[in-house]
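Read through the structure below, which is laid out as structure tokens, and then see the notes.
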Amino acid sequence: MHQEYTVIEGDFVNAGKASSSVKKTLKQLNVDPAKVKRVVVALYEAEVNAIAHAYGGKVLVDIDSDKIHMVVADKGPGIPDIALAMQEGYSTARPEVRDMGFGAGMGLPNMQKNVDKLNVTSEVGVGTTVEMEVNF
Amino acid sequence: MFVHALKIDDSKCIGCMRCMKACPTEAIRISEGTASIQEHRCIDCGRCHEVCPVKAIYINQDDFQMVHEFPHSVALIPAVFLGQFPEDVRVSRIYDALIDLGFRHVFEVESAAGIFAEAKEHYARENEDVRPLISSFCPAIVRLIQIKYPSLVENILPIKAPLDLSAMYCLEELMSRGIPREEIGLFYVTPCAAKIAAVKAPIGEKRSIIDGVINMDVLFNRTYRKIKEQGKKYVSKQSRTINLSSDAILSTLTNGERRICLAKKSYSIDGLQNVMDFLDKLENDEVEDVEFLELRACDQSCAGALLSYENRFLCGARMYARARKAAERERNGEVPREREMDKWKDYLLENSRVEPPQPRSMFVLDKDRAKAFEKMERINKLKARLPQIDCGLCGAPTCESFAGDVVINRIGLSRCIFYQRHLERKDDITRQECIAAMNAVWGKDDRMKDDID
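Chains A and B, in that order, give the protein sequences. When you number the first sequence by my numbering, it's gap-free, plus one each residue, and the end is 141. When you number the second sequence by my numbering, it's gap-free, plus one each residue, and the end is 456.
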């Protein structure tokens, strides 16, 4: 089952649209509530990242009966040092983003904690792709 | 087995769809011209009852005559009952009238508010890893979380509601006076349907100790009539003026629990839609550091309950006025009668826990995930073909729920009038089949009068 969502830069109002819709689907599939929560938390983080730090992008979700595969691909600016970005508390967020309660440097580490597979690839000036998987 | 207090009288129901559209859990369908409630989805919130134009939805209660069957019948009244009466009616007169109506004893449910708060605090201290804690006060909220937010079930405090605590107290107190159990009849005066359902089928307990339930609006009528009959010159038999503390009176209103809880960060949310909006965020981990949640299904909490006849704001204002008077007397050193319950405090605290409520998700399409997956794909495919205007003429509240009904309950797709037209165009359906499909939803009686030009 394939679902697609578009995220727009700076559109905090619509942050969480993809994760909420995925949540409903997983509940219908009788996925363990604890796992639903992990998926939703990770996807929400990724969505917010694309809104707060990037120039928007796309969320692609594929669900089958034993796992969920999520790709959040943004349109840049890209992460120069992924290893550094994976550290808790490291953030490049602008003050106005931090004022809104985002940008605490917990995004990628939080995703890592909640998914079974995480793969981040990035090219400066092109964009970042976050690929996540959770087994049911 | 889910016991519900809300019932539909088929002889009155006109199948108008108002209840179906108002139901927050999409539990209502129309078939053969009348509404019916899907038991596994209903949380007894009573929104359907509010919107019914012909009063076809009623709340099942016990026969008032039962009160006379017990030598020691007890009226367990909620504080909002007092909010129904004008402020100049003294509490002692209300109690006198209840005795005259056949009750031997009158106790207030909220007498247990203090012990309820203490039980919650004990649990909070012993379970520091469980946050936020959600109050078990409102039974419609507990049921809502069970069916719609299964991941939050473990956040519900597994503590008996004040109603159960005060019922336990009544029983112990009267039995300690030498009255045998079989002579005691506990009657709960309920402001809403959810509380009845909770009494008849308590969550986390085998059975309730309450013997009967009486609807608050019915008892208000009887009581107020009695007070009017007795007239202005009536001399009260009771000398006590203060039964409930001000905290206890207010505990049933919005903010009532929150104002006496020790949590640093807590929220009071009333109204089912507001609660659902908040729980959606909470479930996504979008709300941080919150420790305690007081959630109530009705706008203005119990003052806005289904069987509260008085306007919710007036009822609330009256309760505030009574609470102010109680607070003044407390300041003058008077001790509210509810403190008599302290004698049984240790016993009540020891027995205040219930088994944690279990999730029973309304969303699950099939326990077997592969089958659920297959059903979901069929539903999605079907959904894409439906008009998405949620007209309700198929007897389901939304196109999406109709698609689910077609796949899961094998309801005929031709109940959708848009799909029917589509079939007619292709000559895939006869006129008789069209009529049969619509009769299945709207019944055989022709709703149109023949004499329209």
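Where is the CB? At the ideal position from N, CA and C, for every residue including glycine.
In summary, Leu265/B is exposed, with fewer than 16 beta-carbon neighbours lying within 10 Å of its beta-carbon over all protein chains present. When only Cα atoms are considered, Glu313/B and Gly86/B end up about 8 Å apart. By the neighbour-count definition (other C-beta atoms within 10 Å, threshold 16), Thr257/B is a buried residue. Proximity of Gln92/A to chain B, defined by a Cβ-Cβ separation below 7 Å, is not satisfied. For Glu427/B, the uninterrupted alpha helix (DSSP H) segment begins and ends at Ile420 to Arg428. When Cβ-Cβ separations below 7 Å define contact, Ser154/B makes contact with chain A.
The beta carbon of Cys22/B is closer than 7 Å to those of Ile31, Ala38, Cys51, Val54, Cys55 and Ile60 in its chain, skipping five residues each way along the sequence. Our two residues, Gln64/B and Glu427/B, have alpha carbons roughly 48 Å apart in a direct line. As for any beta strand (DSSP E) of minimum length 3 sitting wholly inside the region 186-247 of chain B, the runs are 187-193 and 215-218, ordered along the chain. Listed along chain B are Ser364, Phe366, Val367, Leu368, Asp369, Lys370, Asp371, Arg372 and Ala375, each with a C-beta nearer than 9 Å to that of Asn35/A.
Listed in chain order, the positions of the region 264-298 of chain B with a beta carbon within less than 9 Å of a beta carbon of chain A are Asp283, Lys284, Glu286, Asn287, Asp288, Glu289 and Glu291. Contact between the region 200-219 of chain B and the region 180-190 of chain B is present: 3 or more CB-CB pairs across the two stretches fall below 8 Å.
Near chain B, meaning a CB-to-CB distance below 8 Å, the residues of the region 28-53 of chain A are Lys28, Lys29, Thr30, Lys32, Gln33, Leu34, Asn35, Val36, Pro38, Ala39, Val41, Lys42, Val45, Val46 and Tyr49.
Inclusion of Ile245/B and Arg332/B in the CB contact set at 7 Å is warranted, their separation being smaller than that value. Listed in chain order, the beta strand (DSSP E) runs fully inside the region 52-120 of chain A are 62-68 and 72-79, counting runs of at least 3 residues. The three-state reading of DSSP puts Thr30/A in helix, counting H, G and I together.
Assignment of His52/B by DSSP, reduced to helix, strand and coil, places it in the helix class. With contacts defined by Cβ atoms closer than 7 Å, Pro362/B and Gln149/B form a contacting pair. Remark: C-beta atoms of Val109/B and Leu101/B approach each other more closely than 7 Å. With contact defined as three or more Cβ pairs closer than 8 Å, the region 132-146 of chain B and the region 279-297 of chain B are in contact. Annotated three-state conformation of Phe295/B is strand, per DSSP. According to the DSSP secondary-structure assignment, Phe140/B is paired through a beta bridge with no residue. About 5 Å separates the Cβ atoms of Gly61/A and Val12/A, confirming a contact at the 8 Å cut-off. Contacts with chain A (Cβ-Cβ distance below 8 Å) from the region 311-338 of chain B involve no residue at all. With respect to the C-alpha of Ala373/B, the residue from Asn115/A, Asp69/A and Gly106/A having the closest C-alpha is Asp69/A. For secondary structure counted as the beta strand (DSSP E) over 3 or more consecutive residues, the region 85-124 of chain B holds these complete runs in sequence order: 108-111.
The C-beta of Met23/B comes no closer than 7 Å to any C-beta of chain A.
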